[in-house]
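Engineer: One structure follows; several queries about it will come next.
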Amino acid sequence: MCRGSGAAPGAQIRPCGECSGRGVISFGQGSFAVNRPCPVCVGRGSVPSERCGACRGTGEARARRTVSIAVPAGAESGTKVRLRGQGGKGAAGGQAGDLVITFEVQSDRFYKREGLDLIAIVPINVAQATLGSRISVKTLDAKKVAIRIPPGTSAGRRFKVTGQGIEKDGKRGDLLVEVTITVPESLSEAQEKAMREFADASGLKY
């Protein structure tokens, strides 16, 4: 290995003839000019008489490695974590850059997120919505809480469980249980008769 020099073992290091050892090449006309890294020496200002076979003279070699990072509590999609000195090597032996990791939070099949609050969509049947009921809902830490469904509950109504949402920066949101009402896809003859009688008695159109 060349240890970042880009030279093969025993090769001589000479000033770059393209940039005259400056490491940059100027482009432009008149008083306007832009400096860019020399494409021959890659900004080093020098070139070896024989290039390293492993890095092809660049002084860098790609390698995969695994790093462990701490995911901050309450991280959202777009949250960034910076690892100092874990990025690409600087030009001409300069200091290495940083590795910036951007999180993308996968969606959950049960919970949705609104800020620090969690939304849980829970289905109830027509009888539960009409007559009232008690349901059990799982929290984020796998505990269960009982929710009282009052008679006459309509679809979309939310019930708040305080302090069971996302925790971040010393604050914690709530768990909001939103009910949807499921109806049977088909009824027996007796069930349909009972439903019609209920609708007629209640003045409901159908």
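Numbers given in my numbering equal positions in the sequence shown, counted from 1, plus 35.
For each residue, glycine too, the CB sits at the ideal point set by N, CA and C.
The structure presented is a predicted model; accordingly, all values stated were derived computationally and were not measured.
Does the beta-carbon of D79 have 16 or more other beta-carbons within 10 angstroms, so that it is buried, or is it exposed?
Structural biologist: The question names Asp, but residue 79 in the sequence shown is Arg. When all chains shown are included, R79 counts as buried.
Engineer: Can you give the beta carbon distance from D209 to G198, rounded, assuming they're within the 8 Å contact cut?
Structural biologist: The pair is a contact, with the Cβ atoms about 7 Å apart (cut-off 8 Å).
Engineer: Could you tell me the boundaries of the beta strand (DSSP E) in which L222 lies?
Structural biologist: It is not in any beta strand (DSSP E) - L222 carries neither H nor E in the DSSP assignment.
Engineer: For the stretch 91 to 166, list the beta strand (DSSP E) runs that are entirely contained and at least 3 residues long, ordered along the chain.
Structural biologist: Fully enclosed beta strand (DSSP E) runs of 3 or longer: 115 to 118, 134 to 137, 146 to 149, 152 to 160.
Engineer: Let me check one thing: in DSSP terms, what residues is S171 bridge-paired to?
Structural biologist: Note: S171 sits in a beta bridge opposite A181.
Engineer: P50 lies in the beta strand (DSSP E); which residues open and close that run?
Structural biologist: Taken as a continuous stretch (DSSP letters only), the beta strand (DSSP E) holding P50 covers 48 to 50.
Engineer: Short check: CB of I184 to CB of V214, under 8 Å?
Structural biologist: A contact, by the Cβ cut-off of 8 Å.
Engineer: CA-CA distance, S237 and A225?
Structural biologist: Roughly 18 Å between the two C-alpha positions.
Engineer: Can you look up E232 in the DSSP assignment and give me helix, strand or coil?
Structural biologist: Here E232 sits in helix by DSSP.
Engineer: Out of curiosity, what's the CA-to-CA distance linking E232 and L211?
Structural biologist: Near 35 Å, if we compare the C-alpha coordinates of L211 and E232.
Engineer: Would you identify the three-state DSSP class for S66, choosing helix, strand or coil?
Structural biologist: DSSP places S66 in coil when its eight states are reduced to three.
Engineer: According to DSSP, is S237 part of a helix, a strand, or is it coil?
Structural biologist: Residue state, collapsed to three classes: helix.
Engineer: With burial defined as no fewer than 16 other Cβ atoms inside 10 Å of the residue's Cβ, what is the status of P44: buried or exposed?
Structural biologist: P44 is exposed by the Cβ-count criterion.
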